[in-house]
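S.K.: Under our numbering, think of the first position of the sequence shown as 39, with each following residue one higher.
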Amino acid sequence: MDRLAINGGSPASHERINIAKPIIGKETLYAIEEIIESGYLRQGPKVKEFEDLFRDRVGSKYAYACNNGTAALHLAYLSVLNHGDEVIVPSFTFLATASMVYYAMAKPIFADVDPQTYLMDPEDVKEKITSKTKALVPVHLFGNAADITSFQDLAEDHHLFIIHDSAQAHGTKYNRKDIGSYEDLSCYSFYPSKTLTTGEGGMVTTNSTELDRKGRLLRAHGDDGRYHHIMLGFNYRLTEIQAILGIDQMRRFNDFIVRRKACAEFLKNRISRLHGIIPQKISEKTDPSYSYFSVTLEPDYFNCSRDQFIKALQAENIDCAVHYPIPLTKQPILEEMFNPTPCPIAEELSNRILSLPNHPALSDENLKEIVLGLEKVSSYYAK
Numbered sequence: 039m040d041r042l043a044i045n046g047g048s049p050a051s052h053e054r055i056n057i058a059k060p061i062i063g064k065e066t067l068y069a070i071e072e073i074i075e076s077g078y079l080r081q082g083p084k085v086k087e088f089e090d091l092f093r094d095r096v097g098s099k100y101a102y103a104c105n106n107g108t109a110a111l112h113l114a115y116l117s118v119l120n121h122g123d124e125v126i127v128p129s130f131t132f133l134a135t136a137s138m139v140y141y142a143m144a145k146p147i148f149a150d151v152d153p154q155t156y157l158m159d160p161e162d163v164k165e166k167i168t169s170k171t172k173a174l175v176p177v178h179l180f181g182n183a184a185d186i187t188s189f190q191d192l193a194e195d196h197h198l199f200i201i202h203d204s205a206q207a208h209g210t211k212y213n214r215k216d217i218g219s220y221e222d223l224s225c226y227s228f229y230p231s232k233t234l235t236t237g238e239g240g241m242v243t244t245n246s247t248e249l250d251r252k253g254r255l256l257r258a259h260g261d262d263g264r265y266h267h268i269m270l271g272f273n274y275r276l277t278e279i280q281a282i283l284g285i286d287q288m289r290r291f292n293d294f295i296v297r298r299k300a301c302a303e304f305l306k307n308r309i310s311r312l313h314g315i316i317p318q319k320i321s322e323k324t325d326p327s328y329s330y331f332s333v334t335l336e337p338d339y340f341n342c343s344r345d346q347f348i349k350a351l352q353a354e355n356i357d358c359a360v361h362y363p364i365p366l367t368k369q370p371i372l373e374e375m376f377n378p379t380p381c382p383i384a385e386e387l388s389n390r391i392l393s394l395p396n397h398p399a400l401s402d403e404n405l406k407e408i409v410l411g412l413e414k415v416s417s418y419y420a421k
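(1) If the criterion is Cβ atoms closer than 8 Å, does the pair A149 and S169 meet it?
(2) In its own chain, which residues sit with a C-beta less than 8 Å from the C-beta of I348, not counting the 5 before and 5 after it?
(3) Where do the ends of the alpha helix (DSSP H) carrying G284 lie?
(4) In or out: Y265 buried (at least 16 other Cβ within 10 Å) or exposed?
(5) Mind checking Y115: buried by the 16 CB within 10 Å criterion, or exposed?
(6) Under the three-state reduction of DSSP, which class applies to Y265: helix, strand or coil?
(7) Three or more beta-carbon pairs under 8 Å between the region 48-60 and the region 395-408, yes or no?
(8) Tell me whether the region 225-235 and the region 90-107 touch, counting them as touching only if at least three CB pairs, one residue from each stretch, are closer than 8 Å.
(9) Does the Cβ-Cβ distance between E413 and A281 come in under 8 Å?
(10) Looking at C-alpha atoms only, which residue of M143, F180 and L192 is the closest neighbour of D162?
(11) To the nearest angstrom, how far is it from the Cα of P60 to the Cα of Q287?
(12) Check whether the Cβ atoms of V415 and L42 sit closer than 8 Å, and answer yes or no.
(13) Give me the Cβ distance between T244 and V177, rounded to the nearest whole Å; I'm assuming they're in contact under 8 Å.
(14) Report yes if the CB atom of Y220 is closer than 8 Å to the CB atom of N341, and no otherwise.
(15) Suppose you measure from the CA of Q81 to the CA of P49; what does that come to, to the nearest Å?
(16) Below 8 Å on the Cβ atoms is my guess for Y102 versus D250; work out the distance and round it to an integer in Å.
(17) Check the DSSP bridge columns for P128 and list the partner residues they point to.
(18) Going by DSSP, what residues sit across from C225 in a beta bridge?
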């Protein structure tokens, strides 16, 4: 095996392979120029066009856009929660899933996750439901759908809302149905690393006329007519320029998903030949979208930490990231505010997980170079 680049050898790739790379068509630049020249920059007809395209693609009755994925969660939570409610969220996810519960005047309760799928464990959720529980928030992490059937059963038994955190799950299907079409609410992010991007941006889908109406009011200062406010809200609106980007992304959506799946299947096949590197297990009934391609390192196989492994891989010009290095139960501010019950699986997972490049801009040669880098680093550090 060739010498590691970190030790002076030649890297697996001569150019940096990025963890993510948005693809935006040149024709979109002309459309943005037209919008700028028109002077109509705020939320308008292009935002509605983007909303309609997204609604039709996921199969929901309604979809409304907002300025980012965090705002999408906040709007969804405010649409169903009251002061003092409890909301069960996974301990292994991004901070906003929990922080926006607090900003909706409710309390996040943290559930542990499955060690193979990385998704919220319905059995642990069941143990944490109380008379104060109002909603469950399954996060469809890295484009892998949570066990929606089990959460639906729990929601029905205890009269709870389900708010799907679908920030990383554009195009993911569960039981042959897009997760954006499930009850009650689904929240998306269009951050640059996501399958679809508008730079910043978000979307909420629902099949409820009332939840759609309430969310739209909250998005724009509770204004149901010019300077006529029937509730207190926010300015969480999307701009026309962002909507132009979103419309372009919708045209490419199917191609993006097909390529992400092809890249993921290639990586899974090749990684299966390596010891000690375990890809995320795709949950039952799921057709994933592979927002990220994440793996865990088995510590018994390597004479290095996860962070040392990453540093060596990056020296091979293979970019990688950690989603997430600290579970929510160990985040300083959440420990201080909520003193959460430990979630040992999430806490262990955070020490072993890493994400590899997986996006439509990857060439077949890039994929081979990623595998070569993994082979070099795993061989060098093997016990």
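Using N, Cα and C, we set each Cβ at its ideal position, and we do this for glycine too.
M.R.: So, to answer that:
(1) In this structure, S169 does not lie closer than 8 Å to A149 by Cβ.
(2) Taken in chain order, the residues that qualify are C358, V360 and L392.
(3) G284 -> alpha helix (DSSP H) spans E278 to I309.
(4) Classification for Y265: exposed.
(5) Y115 comes out buried.
(6) DSSP places Y265 in the coil class of the three-state scheme, outside both helix and strand.
(7) The region 48-60 makes contact with the region 395-408, as at least three CB pairs between them are under 8 Å.
(8) The region 225-235 vs the region 90-107: in contact.
(9) Contact annotation: E413 and A281 have beta-carbon atoms that are not nearer than 8 Å.
(10) Per the Cα distances, L192.
(11) Cα to Cα, the separation comes out at about 10 Å.
(12) In terms of Cβ geometry, V415 and L42 form a close pair [threshold 8 Å].
(13) The C-beta distance from T244 to V177 rounds to 18 Å, too long to fall under 8 Å, and the pair is not in contact.
(14) Cβ atoms of Y220 and N341: not closer than 8 Å.
(15) Distance between the alpha carbons of Q81 and P49: 47 Å.
(16) Rounded, the Cβ-Cβ distance is 6 Å, consistent with contact.
(17) Per DSSP, A149.
(18) As DSSP reads the structure, C225 sits in a beta bridge with D203 and V242.
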